[in-house]
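Trainee:
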Ligand SMILES: [Zn+2]
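In my numbering, the protein residues as written are 4 to 338.
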């Protein structure tokens, strides 16, 4: 009896089959970006009389209050997930009192944005460093030491002021221990149980914040932030910080910066069920722009790839200075 013709067994998998056409690649694509997951950081400067470009962050500016409504309209029209507000006050002091001023740049911008774009998600960064003369994220005691516990009520007061002005979400970035619990208690005391907290739980002491400090005029005048921000080498400690913030009442968690900390993000994705945000910071943005300006990389492709990487690692929300650009690129791809 003749043997059945033998079918050669493949000795390797042909991955190329599903990469053959654009249609096939789209069909099996694992990670998709959507403008609704992108959040645009916005700097509102109480002393600015005109829109002031930030040299180290091409395309980004410090805005006078009167720009706020138009920015909100643009973000809403682009389908962005939201905006994240930072404020530069008229005056700074050692305690950062202006952070909680109901007439300060962030509350003013929140009210203007809420009126201009009622459905846009408004997120207010909460920290003292833009408001303190020394540029640190908390206050100091008489001995010149950072006073974690004395900083908490000031940070909580700022969060309440932003919630009262219309923030959907307050986002503490100061890295003081216990601030999420302090903010949750203050919001609830003020009758604002609906205001959500996005905690910058895993915020590393990073060199990639450089351009932001020009943007927000908040470079520390002495020392650095390594006494309270996470050491870049410590992934397990980052997990512990995130878990503590969740236990204190955070509704969402953030990893910052994004690109150098994708493992932290991926670990957080496996460990926590809450929405995760990642902040692609100023230095990541500036580096891509600088390389593209020299003709060394293609900005659109490199920026898109960086965002896809952050999403693939597990971010539900990406805070990025590319938000408006990326929304335009995605809209173009769909046409
Ligand atoms: Zn700060």
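Positions of the beta carbon are idealized from the N, C-alpha and C atoms, including for glycine.
In the DSSP assignment, find the unbroken beta strand (DSSP E) run with residue 127 in it and report its ends.
Mentor: Counted from its first residue, the chain shown places residue 127 at position 124. Residues 125-129.
Trainee: Less than 7 Å between the CB of residue 274 and some heavy atom of ligand 1, yes or no?
Mentor: Indexing the chain shown from 1 puts residue 274 at position 271. Checking the Cβ of residue 274 against ligand 1 gives no.
Trainee: Quick test of your reading: residue 256 and residue 279, contact by CB under 8 Å. State the CB separation rounded to the nearest angstrom.
Mentor: Locating residue 256 in the chain shown gives position 253, where the first residue counts as 1. Locating residue 279 in the chain shown gives position 276, where the first residue counts as 1. At roughly 6 Å, the Cβ-Cβ gap stays under 8 Å, so residue 256 and residue 279 are in contact.
Trainee: In chain order, what residues of the same chain lie with their CB nearer than 6 Å to the CB of residue 172, ignoring the 5 residues before and after it?
Mentor: What you label residue 172 is simply residue 169 of the chain shown in a count that begins at 1. If we look at residue 172 and ignore the five residues flanking it on each side, its Cβ neighbours are 126, 199, 201.
Trainee: Between the Cα of residue 134 and the Cα atoms of 315, 220, 69, 81, which residue gives the shortest distance?
Mentor: On the chain shown, position 131 is the one that residue 134 refers to. The option with the nearest alpha carbon to residue 134 is 220.
Trainee: Report the option in 90, 51, 119, 111 whose CA atom is closest to the CA atom of residue 79.
Mentor: Here residue 79 refers to the residue found at position 76 of the chain shown. Among 90, 51, 119, 111, the Cα nearest to that of residue 79 is on 119.
Trainee: Just tell me which of 24, 299, 203, 235 has its CA closest to the CA of residue 321.
Mentor: As a position in the chain shown, residue 321 is number 318, starting the count at 1. Closest by alpha carbon: 203.
Trainee: Check whether the segment 66-74 and the segment 21-30 touch, using three or more Cβ-Cβ pairs below 8 Å as the test.
Mentor: no
Trainee: So, does the segment 220-236 touch the segment 296-309, judging by three or more C-beta pairs under 8 Å?
Mentor: Taking 8 Å as the limit for Cβ pairs, the verdict is that the segment 296-309 does not touch the segment 220-236.
Trainee: For a minimum of 4 consecutive residues, which ranges assigned as the alpha helix (DSSP H) are wholly contained in the segment 91-168?
Mentor: 108-119, 151-167
Trainee: Hey, which unbroken runs of the alpha helix (DSSP H) at 4 residues or more fall wholly within the segment 22-80?
Mentor: 25-30, 71-80
Trainee: CA-CA distance, residue 132 and residue 15?
Mentor: Taking the first residue of the chain shown as 1, we reach residue 132 at position 129. Taking the first residue of the chain shown as 1, we reach residue 15 at position 12. Approximately 57 Å, taken between the alpha carbons.
Trainee: What residue range does the alpha helix (DSSP H) around residue 214 cover?
Mentor: Translated into the one-based positions of the chain shown, residue 214 becomes position 211. Looking at the DSSP string, the run of the alpha helix (DSSP H) that includes residue 214 is 213-219.
Trainee: Let me know the secondary structure DSSP gives residue 207 once reduced to three states.
Mentor: Locating residue 207 in the chain shown gives position 204, where the first residue counts as 1. Three-state DSSP puts residue 207 in a strand.
Trainee: Does the Cβ of residue 177 lie closer than 7 Å to at least one heavy atom of ligand 1?
Mentor: By one-based count along the chain shown, residue 177 stands at place 174. Answer for residue 177: yes, Cβ within range of ligand 1.
Trainee: How far does the alpha helix (DSSP H) with residue 311 in it extend, from its first residue to its last?
Mentor: Against the chain shown, residue 311 aligns to sequence position 308. Looking at the DSSP string, the run of the alpha helix (DSSP H) that includes residue 311 is 302-316.
Trainee: If you follow the beta strand (DSSP E) that residue 222 is in, where does it begin and where does it stop?
Mentor: In the chain shown, residue 222 corresponds to position 219, counting from 1. Careful: residue 222 lies outside any beta strand (DSSP E) and carries neither H nor E.
Trainee: When you compare the segment 46-57 with the segment 87-105, are there three or more beta-carbon pairs, one atom per stretch, that lie closer than 8 Å?
Mentor: yes
Trainee: For residue 283, list the residues DSSP reports as bridge partners.
Mentor: Here residue 283 is taken as the residue at index 280 of the chain shown, counted from 1. In the DSSP output, where bridge partners are listed per residue, residue 283 has 323.
Trainee: Tell whether a beta-carbon distance below 8 Å holds between residue 2 and residue 38.
Mentor: What the structure shows of the chain is the stretch from 4 to 338, and residue 2 is not part of that stretch, so it cannot be assessed.
Trainee: Just mark residue 107 as buried or exposed, buried being the case when its beta carbon has 16 or more other beta carbons within 10 Å.
Mentor: Translated into the one-based positions of the chain shown, residue 107 becomes position 104. Answer is buried; the Cβ neighbour count reaches 16.
Trainee: Along the beta strand (DSSP E) that carries residue 174, what are the first and last residues, could you check?
Mentor: Locating residue 174 in the chain shown gives position 171, where the first residue counts as 1. Unbroken beta strand (DSSP E) run through residue 174: 172-175.
Trainee: Report yes or no: do three or more beta-carbon pairs, one from the segment 308-315 and one from the segment 281-294, lie closer than 8 Å?
Mentor: yes
Trainee: Taking one C-beta from the segment 239-252 and one from the segment 148-161 each time, how about it: are there three or more such pairs within less than 8 Å?
Mentor: no
Trainee: For my contact list, residue 329 and residue 41 are in at a C-beta cut-off of 8 Å; report their separation, rounded to the angstrom.
Mentor: Counting from 1 along the chain shown, the entry for residue 329 is found at position 326. Counting from 1 along the chain shown, the entry for residue 41 is found at position 38. Confirmed, Cβ separation roughly 6 Å.
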